[in-house]
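S.K.: There's a structure below that I have some questions on.
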Amino acid sequence: MKHSALRRATLAGMTLATAAVLAVSPAATAANAAPAANGKVLRVCADPNYLPYSNRAGQGFENKVAELVAKAMGRKLEYTWASYRGHGGYSNFLALNLDKHKCDVVMNLPYGDHEEAYTKPYYQSSYVFITRKDKHLHIRSMNSVSMRSIKIGFEADTTPETAIKLLDLINNAVEFHVAGNPQSSPKELLQAVQDGKVGVMITWEPAIGDFLKDYPDLKIARVPSEEYGPGLPTVDYTYGMSMGVRKHDTALKLALDKVIAANKGEIAATLAKYDVKLLPNPRHVNFPNQ
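Every position in the sequence shown, counted from 1, becomes a number in my numbering once 19 is added.
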């Protein structure tokens, strides 16, 4: 899985807590907010135009979770707006915003990330196969026979691309760059299947879940973890998503962990409104049970 795609990615997260105080609206934002005083502000870095994750109008699922988190912590929510999909990708976004103290939290960091500190996962989801219902394809694995007779779509620099190359499917595949283009929408991935440009699209499920209602002719199936050769490690397609904070910001990390633990139901309900399908810990998963 490409971190820039998943974190935004492809791929992308939020939290909540126990005591509810301030009602927060998307208008409570600041382009470059001053450091929070006395812990009364929750400063979140977010993309201003990348639905279903976030936008300036507060319409994304990460916006809604951020509002819940701030309210539960009794803090005012403020945003630092910057595209995750600009030059240098997500790593550059983190370096220029979170690491420069322009904000304190990002809502979509893969659990186990090496660049920043991270909370316990607040949700886990997976990559999926997307096909047309009327094609009657029975793709349940990267090794499915149908994968060798149809055009395969995938997001560049992701786990599926690695598998496509390992399985010698790359010559029959089409690369997409939604996670790297600020002008693109994950809807384009669904449209490519609808229009027959590809027979199957492999992408991160939370990126397209909220758009599927507009595509009743499409269906999805989860990509299972697999081993692609003797001696090769199992390739996982399920990931836990956390909130990210600066390394050594232990107090905020622990506070967010408490929010996640105390508000699992509210988080799940918020994500469900955007058709973000949640998974229990599968047999093969890239983080330990919490």
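Where is the CB? At the ideal position from N, CA and C, for every residue including glycine.
For Met92 and Arg151, I'd like the C-alpha separation in whole angstroms.
M.R.: Along the sequence shown, one-based indexing puts residue 92 at 73. Along the sequence shown, one-based indexing puts residue 151 at 132. Cα to Cα, Met92 sits roughly 44 Å from Arg151.
S.K.: Tell me whether Ile189 is buried or exposed, calling it buried when 16 or more other Cβ atoms sit within 10 Å of its Cβ.
M.R.: The sequence position of residue 189 within the sequence shown is 170, counting from 1. So Ile189 ends up on the exposed side.
S.K.: Let me know if Asn82 comes out buried or exposed under the rule of 16 or more other beta-carbons within 10 Å of its beta-carbon.
M.R.: The residue you call residue 82 lines up with position 63 of the sequence shown. With 16 or more other Cβ atoms within 10 Å, it is buried.
S.K.: Pick from Gln143, Asn127, Val88, Gly77: whose alpha carbon is nearest that of Tyr258?
M.R.: Position 239 of the sequence shown, counting from 1, holds the residue named residue 258. Taking only the C-alpha atoms, the option nearest Tyr258 is Gln143.
S.K.: So what does Ile183 bridge to, in DSSP terms?
M.R.: As a working mapping, residue 183 is identified with position 164 in the sequence shown. Ile183 is not bridged to any residue.
S.K.: Just curious, the beta strand (DSSP E) that Ser110 is in, first and last residue?
M.R.: On the sequence shown, position 91 is the one that residue 110 refers to. Unbroken run through Ser110 is the alpha helix (DSSP H), 108-112; no beta strand (DSSP E).
S.K.: Tell me whether the region 210-222 and the region 166-185 touch, counting them as touching only if at least three CB pairs, one residue from each stretch, are closer than 8 Å.
M.R.: Verdict: yes, contact present.
S.K.: How big is the Cα-Cα spacing for Leu96 and Leu87?
M.R.: Along the sequence shown, read from residue 1 onward, the residue named residue 96 stands at position 77. Along the sequence shown, read from residue 1 onward, the residue named residue 87 stands at position 68. Answer to the nearest angstrom: the Cα atoms are 10 Å apart.
S.K.: Please classify Val193 as buried or exposed, where buried requires at least 16 neighbouring CB atoms within 10 angstroms.
M.R.: Counting from 1 along the sequence shown, the entry for residue 193 is found at position 174. That one is exposed.
S.K.: Between which two residues does the beta strand (DSSP E) holding Asn191 run?
M.R.: Residue 191 sits at position 172 when you count from the first residue of the sequence shown. That residue, Asn191, is in no beta strand (DSSP E); it is neither H nor E in DSSP.
S.K.: Just confirm the distance between the C-beta atoms of Gly250 and Asp132, as a whole number of angstroms; I'd bet it's less than 8 Å.
M.R.: On the sequence shown, position 231 is the one that residue 250 refers to. On the sequence shown, position 113 is the one that residue 132 refers to. Not really, about 27 Å apart at Cβ, beyond 8 Å.
S.K.: Kindly say whether Leu275, judged by its beta-carbon, lies nearer than 7 Å to any beta-carbon of chain B.
M.R.: Although the question refers to chain B, the structure presented lacks it and comprises just one protein chain.
S.K.: Is it right to say Lys206 is buried, meaning 16 or more other beta carbons lie within 10 angstroms of its own, or is it exposed?
M.R.: Walking along the sequence shown from the start, residue 206 turns up at place 187. Lys206 should be labelled buried.
S.K.: Please work out which residues of its chain come closer than 8 Å, Cβ to Cβ, to Pro243, disregarding the five sequence neighbours upstream and downstream, and give them in chain order.
M.R.: Within the sequence shown, the letter at position 224 stands for residue 243. Cβ neighbours of Pro243 beyond the five flanking positions: Arg159, Ser160, Tyr256.
S.K.: In the structure shown, what three-state DSSP assignment does Arg94 receive?
M.R.: Within the sequence shown, numbered from 1, the residue matching residue 94 stands at position 75. Of the three classes helix, strand and coil, the one that applies to Arg94 here is coil, per DSSP.
S.K.: If we call anything under 7 Å between Cβ atoms a contact, is Ile149 one with Leu237?
M.R.: As a working mapping, residue 149 is identified with position 130 in the sequence shown. As a working mapping, residue 237 is identified with position 218 in the sequence shown. Result yes, Cβ atoms of Ile149 and Leu237 sit closer than 7 Å.
S.K.: Determine whether the beta carbon atoms of Pro61 and Arg94 lie at a separation below 7 Å.
M.R.: For the purposes of this step, residue 61 is taken as the residue at position 42 of the sequence shown. For the purposes of this step, residue 94 is taken as the residue at position 75 of the sequence shown. Just to set this straight, residue 61 is Leu in the shown sequence, not Pro. Against a cut-off of 7 Å, the Cβ pair of Arg94 and Leu61 comes out as a contact.
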